[in-house]
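Written below as structure tokens is the structure these notes are about.
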Amino acid sequence: MTERLYYQDAYLKEADATVIGIDGDAVMLDRTIFYPEAGGQPGDRGMIGPFRVVDTRKGEDGTPLHIVPGDKPVIGSAYRISLDWEHRYFYMAEHSAQHLVSALLHSLYGIGTVAVHQGESFFTVETDCSHIDEDKLLSVEDAAARAIREGHRIYRREMSHGEAESLHMRRSIKVAGDVMVVFIDGIDAVACGGVHLSSLAEIGEIAYCAQERIRSHVRTIWKCSSSAVAARRQDAAIVSSLCALFSAEPGSLAAEARRTLDECTALRRSMRSILSRLAACEYREAGGSTEEGKAVIFSSDIDISAFEGAVPEDEGRTVLVVSGNRFMLHGSEEDFALFRSGLPSFRIRGGGRGTMFRGSFEGSADELIKEADPLL
Ligand SMILES: [Zn+2]
């Protein structure tokens, strides 16, 4: 059985340990400071001597498995083991922040936590509610800021099942026998086998981000510590660059963006109408809508979609318009089949219905027109 030093001192960054077993990439030690992935908190990373531990997982019997890809340490040898402390400390802070948020949701509004997830840029608390007012979540953020300022102590105590039951904790106890209870002094007590900070003050800050619906529950999204700071700075940079783009103050940014979008929509609409009128002109100039003659074939700089309404339904002749590497063909199914099969080197793709066919081709537009002319 591995001695779990992280329970004696969650702040141990280094220790000496002996390798007692290896199974594939999993290395087992007689004692470890590496916390294995559990309860939503990711496993630790670090070094066993010169060998890199990329993750720590829990074996079937709960033994911490240090995942070491590539060269392995030697069974029976002792090594200096060390944590990727920045990684561990952030997740310890995030885990402690999650306890505080869940505790405040429960004590202020009777909202229960059904699941939690810790990620590298945010953590989530899935609640037992189908709806939560945004105001409530903001007031949890305020209460969390107060508790962090007050710097409540966080500590853990192992106790009998009966004693733990008598605490009437916000979450039911899921283990048999003795229970590890994590306390936030004066705020919370909950059964948990994770690693935590020793004071709320170390979290620095907790920021409420958003809520979303999942499995008919509200899942709340939060950031803390360095992830909250990074997000705040990123948001400020985005706002400031948008303010510069729209020449607006932050307070009028949304209205200014709305106004610009509406303007774009109106411009796009008039642009479409101008282009289809232009397309109709080009079509007539190319000889369309006259009594007689052979197929009308021409190229244009206008987007091919503008020609859709330019050719009348009853146009008796075949019309081929080419723009860039796209084409529009007005004619019979036979015309389109002939056009496609007669010019294999252009790899013509596309299709259509009735008398209108659209698609793309490879190669030069001038060449296509030259070779299509005798075909149509
Ligand atoms: Zn915990």
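Residue numbers -7 to 368, in our numbering, belong to the letters of the sequence shown in order. Cβ atoms here follow ideal geometry from the backbone N, Cα and C, with glycine treated the same way.
What residue range is occupied by the uninterrupted alpha helix (DSSP H) comprising residue i?
| i | result |
| --- | --- |
| K362 | A357 to A364 |
| V93 | W77 to Y101 |
| Y379 | Here the chain comprises residues numbered -7 to 368, so residue 379 is not present and cannot be evaluated. |
As a quick exercise: from the options, pick the residue whose alpha carbon is nearest that of residue i.
| i | options | result |
| --- | --- | --- |
| D17 | E305, G62 and Q226 | G62 |
| I67 | A249, G41, E255 and R332 | G41 |
| T105 | H209, D358, V314 and A222 | H209 |
| R163 | S265, E307, S99 and A135 | S99 |
| V167 | V182, G178, I176 and D177 | V182 |
| I179 | R332, Q110 and V93 | V93 |
| K362 | F349, F331, R350 and A229 | F331 |
| E194 | R211, I140 and R49 | I140 |
| Y81 | A107, G35 and A137 | G35 |
| V288 | I206, G243 and P366 | P366 |
| S352 | G102, C235, V314 and R345 | V314 |
| N317 | V174, E126, S356 and T48 | S356 |
| G111 | H79, L97 and D125 | H79 |
| R339 | A329, E142 and R345 | A329 |
| V303 | I294, L321 and S292 | L321 |
| H188 | H91, I12 and R345 | H91 |
| A95 | I146, A70 and R224 | I146 |
| Y(-2) | G13, C201 and F26 | F26 |
| G185 | H160, G54 and T347 | G54 |
| E277 | V108, T116, S292 and A247 | S292 |
| A223 | F114, I103 and I14 | F114 |
| K5 | E157, L75, P65 and S69 | L75 |
| Y275 | G102, G301, R251 and T257 | G301 |
| V46 | G32, K64 and E52 | K64 |
| S122 | I206, D1, G31 and A271 | I206 |
| M172 | Y101, C273 and H153 | H153 |
| E142 | D177, L129 and E157 | D177 |
| F319 | L360, S337 and V132 | L360 |
| V11 | A70, P28, M39 and K50 | A70 |
| Q203 | G343, L130, G38 and S218 | L130 |
| L312 | W214, L368, D15 and K215 | L368 |
| E354 | G343, P336, G346 and T347 | P336 |
So if DSSP puts residue i in a beta bridge, which residue, or which two residues, is it bridged to?
| i | result |
| --- | --- |
| L385 | Since the first residue of the chain shown is -7 and the last is 368, residue 385 is not available in this structure. |
| C216 | I198 |
| M20 | G13 |
| D8 | R72 |
| Q226 | DSSP output for Q226 lists no bridge partner at all. |
| F115 | Q110 and W214 |
| L312 | I289 and L321 |
| E150 | M172 |
| F43 | I40 |
| R141 | BP columns for R141 are empty, so no partner. |
| E(-5) | R23 |
Can you tell me where the beta strand (DSSP E) holding residue i begins and where it ends?
| i | result |
| --- | --- |
| I289 | V288 to S291 |
| M348 | M348 to S352 |
| I266 | Taken as a continuous stretch (DSSP letters only), I266 belongs to no beta strand (DSSP E), being part of the alpha helix (DSSP H) at L245 to E277. |
| Q110 | T105 to Q110 |
| G343 | R341 to R345 |
| A183 | D180 to A183 |
| I40 | G38 to I40 |
Could you give the DSSP three-state label for residue i: helix, strand or coil?
| i | result |
| --- | --- |
| E204 | strand |
| S122 | coil |
| A131 | Here residue 131 turns out to be Ser, not Ala, going by the sequence shown. It is helical. |
| P30 | Just to set this straight, residue 30 is Ala in the shown sequence, not Pro. The answer is strand: DSSP assigns A30 an E or B state. |
| R163 | coil |
| S191 | strand |
So with Cβ pairs under 9 Å, would you call residue i a contact of chain B?
| i | result |
| --- | --- |
| L267 | Of the protein chains in the structure, only one exists, and it is not chain B. |
Is the region -6 to 6 touching the region 15 to 31 in the sense that three or more CB pairs, one from each, lie closer than 8 Å?
yes
Spell out a yes or no on whether the region 219 to 229 and the region 129 to 144 are touching, meaning 3 or more CB-CB pairs, one atom from each, closer than 8 Å.
no
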